[in-house]
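Okay, so the sequence shown: first residue is 24 according to the numbering used here, each after it adds one. Some notes on the structure that comes next.
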Amino acid sequence: MTQPSNVETIDWGPFGRPLFEDAAAKGLSRVGVIDVGSNSVRLVVFDGAARSPAYFYNEKIMCALGAGLTQTGHLNPKGRLRALSAIRRFAALAEGMGIPTLTAVATAAVREASDGKDFQDHVLRETGIKLWIIDGKEEARLSAQGVLLGWPGSYGLVCDIGGSSMELADLAEGRVGRRVTSALGPLKLREIKGGKKAVKAHVREVMAKLHDDMDNVTGMRLFLVGGSWRAIARVDMERRSYPLTVLHEYRMTARQISKTAEYIRKSNLQDLRSRCNISDSRMSLVPLASIVLKELIRTFKPKDVAVSSYGIREGMLYEQMPRELRERDPLIEACRFAEAKDARLPGFGRVLYDFVKPLFPRANWQRKRIIKAACLLHDVSWRAHPDYRAEVTFDNATRANLGGLKHYERVLLGLALMNRYTSKISNSRFDPLFEMLDEGQIKEAEILGRAMRLGAMLWLTADEEPGTLKWKPKSRELTLRLTQHARPLFGEVAEARFAALATAMGATGNVKFTK
24 MTQPSNVETI
34 DWGPFGRPLF
44 EDAAAKGLSR
54 VGVIDVGSNS
64 VRLVVFDGAA
74 RSPAYFYNEK
84 IMCALGAGLT
94 QTGHLNPKGR
104 LRALSAIRRF
114 AALAEGMGIP
124 TLTAVATAAV
134 REASDGKDFQ
144 DHVLRETGIK
154 LWIIDGKEEA
164 RLSAQGVLLG
174 WPGSYGLVCD
184 IGGSSMELAD
194 LAEGRVGRRV
204 TSALGPLKLR
214 EIKGGKKAVK
224 AHVREVMAKL
234 HDDMDNVTGM
244 RLFLVGGSWR
254 AIARVDMERR
264 SYPLTVLHEY
274 RMTARQISKT
284 AEYIRKSNLQ
294 DLRSRCNISD
304 SRMSLVPLAS
314 IVLKELIRTF
324 KPKDVAVSSY
334 GIREGMLYEQ
344 MPRELRERDP
354 LIEACRFAEA
364 KDARLPGFGR
374 VLYDFVKPLF
384 PRANWQRKRI
394 IKAACLLHDV
404 SWRAHPDYRA
414 EVTFDNATRA
424 NLGGLKHYER
434 VLLGLALMNR
444 YTSKISNSRF
454 DPLFEMLDEG
464 QIKEAEILGR
474 AMRLGAMLWL
484 TADEEPGTLK
494 WKPKSRELTL
504 RLTQHARPLF
514 GEVAEARFAA
524 LATAMGATGN
534 VKFTK
């Protein structure tokens, strides 16, 4: 895996030089985090491109440490035993993976319990792991930083719900601002006497105070963090028959949330749990969490709602990143890492991007990053069987752990890569997903795919440009100008691919060779 020979002189354009080989990024290439929550204890090991890491290992054990805390003031004894066993297991796993240290934090249940310090000491004695007990505002800050891992430069309101608490933090210009915490976690709400009416009244009272503490902010984008929110989003997908079940960046409206809350209220929870693949312990908290979410929406009136799979654990990784890495586009960094690891000619994606971008003169920065991502990923699935390569590339784009992608952008990226390998797109098992795109986006994906298909025929070296494309929209003229060095590469197959590209664009195609 080598960088182009003239790596120091390359103009990397608006995306900057790849950073995953830098010492600061390499130091984050495998990081282990333990999150001891009120409801679950989880180990996550991040690996890969530090700016958009893959989940090398991810295990969660539902312990319910915070169950009964309001009444007893102590951690749930059974939950405590389960949590200690889980942490002991996680420590052994980390040692086997060669992770030198684990960062471990405990949130609401441990910080509020009278025996929280005793549990912290017990964990240290049994496992050697220092468990950091963080307060609510710090929990809110780390969760908001997790959102920044997926959306650099974000603005809006982050709401993180756990078993015993719910935190709010606002983001502006990629920085965490005001933060508040509350006892609106469903484990706490379950202990309120007086039934659903009393719970609703309590939630409304606490939410109004949170609104005052956040200076009565309204109309912001709302990022939802936490297992209960993700479970509600999964139910919303089920209710709507949504074709893509990736939770990260899933969008909901206030009306959809209201309908889903009613859907949950009327459903058999065991049946719903089975259909949505939600654990029994998580599903038992969803009705209470849906009451909180409805009140959150009613009070803060967000302009839109996005689900974030990134939260406190990702925020702990973000905490360790240098500023330059934090400011990078997670999508581009992940695609660069994939190209360097899996492509036959690492570095050619940059050349291919320069080759195809004249075809999209009106593309804004958001569309350019999708084009760039497609070029970087255009060859990473070459090991797949040729009969299935197109499907594999589509699956990778739509279901991979890629940050900074809206759902329709996942489909757009996948469709472009699919067109890179085949012209037989219709009547496939992906047709329901294609309905997320309009006709213009489908045509754009076809053009980009055909252009990459042509460019892939013109490989020279990772840093040598074989030629240029020139597009004149008014006269509908498409010109391919090739260097003499690339001329032998323009055989019958390449000629056919250029003709297919011109046809897709409704253009007259011309080929010229430089002297």
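For each residue, glycine too, the CB sits at the ideal point set by N, CA and C.
Would you mind reading off the limits of the beta strand (DSSP E) that contains residue i?
i, result
"W494", "G490 to K495"
"D70", "S63 to D70"
"T531", "T531 to F536"
"L154", "L154 to I156"
Since residue i sits in a beta bridge, which residues does DSSP pair it with?
i, result
"L247", "C182 and V330"
"L98", "DSSP lists no partner for L98."
"Y78", "F69"
"E190", "D183 and T204"
"L539", "This structure leaves residue 539 out entirely; the chain is present only between 24 and 538."
"M85", "S63"
"K140", "In DSSP, K140 forms no bridge with anything."
"M275", "V328"
"G55", "V68 and L125"
"R385", "DSSP lists no partner for R385."
"A195", "R198"
To which residues of the same chain is residue i closer than 6 Å at the C-beta, ignoring the five residues directly before and after it?
i, result
"A407", "V415"
"M306", "L292 and R296"
"G89", "S61, A132, G186, S187 and L210"
"A256", "L270, Y273 and V330"
"K289", "none"
"R74", "L348, R351, P353 and E356"
"T150", "I110, R111 and A114"
"A523", "R473"
"Q554", "Here the chain has residues from 24 to 538 only, and residue 554 is not among them."
"D365", "V403"
"K535", "R504"
"G437", "F417, A420 and T421"
"E518", "none"
Tell me whether the beta-carbon of residue i lies closer than 8 Å to the beta-carbon of residue j.
i, j, result
"A468", "L501", "no"
"S313", "A284", "yes"
"I280", "L316", "yes"
"R198", "E190", "no"
"L1", "S205", "With the chain covering 24 to 538 only, the question about residue 1 has no answer from this structure."
"V128", "D58", "yes"
"V328", "L245", "yes"
"E214", "T93", "yes"
"I335", "L165", "yes"
"L340", "P76", "yes"
"G169", "Y333", "yes"
"M260", "T268", "yes"
"L247", "V226", "no"
What residue range is occupied by the uninterrupted alpha helix (DSSP H) comprising residue i?
i, result
"V415", "R412 to R422"
"E500", "Looking at the DSSP string, E500 is not in any alpha helix (DSSP H); the run it does join, the beta strand (DSSP E), is E500 to L505."
"F371", "F371 to V379"
"Y341", "I335 to E342"
"K429", "First-last for K429: undefined, no H or E at that position."
"S166", "G159 to G173"
Starting from the C-beta of residue i, find all residues in its chain whose C-beta is less than 8 Å away, skip the five residues before and the five after it, and write them out in chain order.
i, result
"G242", "K324, P325 and K326"
"P381", "T491, L492, K493 and W494"
"R520", "R473, R476, L477 and M480"
"N533", "E500, L501, T502 and L503"
"A527", "K466, E469, I470 and R473"
"Q143", "A129, V133, L154 and I156"
"A195", "Y178"
"P384", "W494 and P496"
"A525", "L501, T531 and G532"
"V222", "L212, I215, L311 and I314"
Keeping to the same chain, check which residues put their C-beta closer than 7 Å to that of residue i; ignore five residues upstream and five downstream.
i, result
"N239", "none"
"G427", "G173, W174, D352, P353 and L354"
"A413", "M441, Y444 and T445"
"D377", "E488"
"P27", "With a pLDDT of only 42 at P27, under 50, the local geometry of the prediction cannot be trusted, and no value is derived from it."
"Y411", "none"
"F453", "F417"
"V30", "Only weak support exists for where V30 lies, its pLDDT of 45 falling under 50; the value from the coordinates is given anyway. None."
"N81", "V67"
"V146", "L107, I110, I152 and L154"
"M230", "E318, L319 and T322"
"S137", "G96 and H97"
"C299", "R257, V258 and E261"
"G102", "C86, A87, L88 and A90"
Does any CB atom of chain B fall closer than 8 Å to the CB of residue i?
i, result
"V64", "Within the model displayed, chain B is absent; a lone protein chain is all it includes."
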